[in-house]
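Quick note, the numbering used here runs 168 ahead of the 1-based positions in the sequence shown. In what follows, a single structure is set out as structure tokens and then discussed.
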Amino acid sequence: MRIGELARKTDVPPRMLRYYEEQGLVTPRRLDNGYREYDEYLVDRVRKIRGLLDAGIPTRIIGAILPCLGQTSAIVVDDPDPGLRAMLVEQ
């Protein structure tokens, strides 16, 4: 998608999206004609960046923590307590 479409989907102005690129927070592909091409996964990433900026976190910190936000994590309990399992099933 082009920058205008990403801007519409995320409510982030194109100028701000270019700033995110300058800061290394998003990396669009470049087409042969030089246009930026944004992949669909960047919609979620831009929304996360916007939320972190709105929370007052500077871009240099966002750049450090952003890779962690893209990973899904799960809590794994090898041998759960039967009472705990029953309680979780009830809820």
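Cβ atoms here follow ideal geometry from the backbone N, Cα and C, with glycine treated the same way.
- Under DSSP, no beta-bridge partner is assigned to E258.
- Rounded to the nearest whole angstrom, the CA to CA distance from G202 to P250 is 59 Å.
- Contact check for E189 against P196 passes: the beta carbons are separated by less than 8 Å.
- In this structure, the straight-line span from the alpha carbon of E173 to that of V214 is close to 13 Å.
- Per DSSP, reduced to three states, the secondary structure at E205 is strand.
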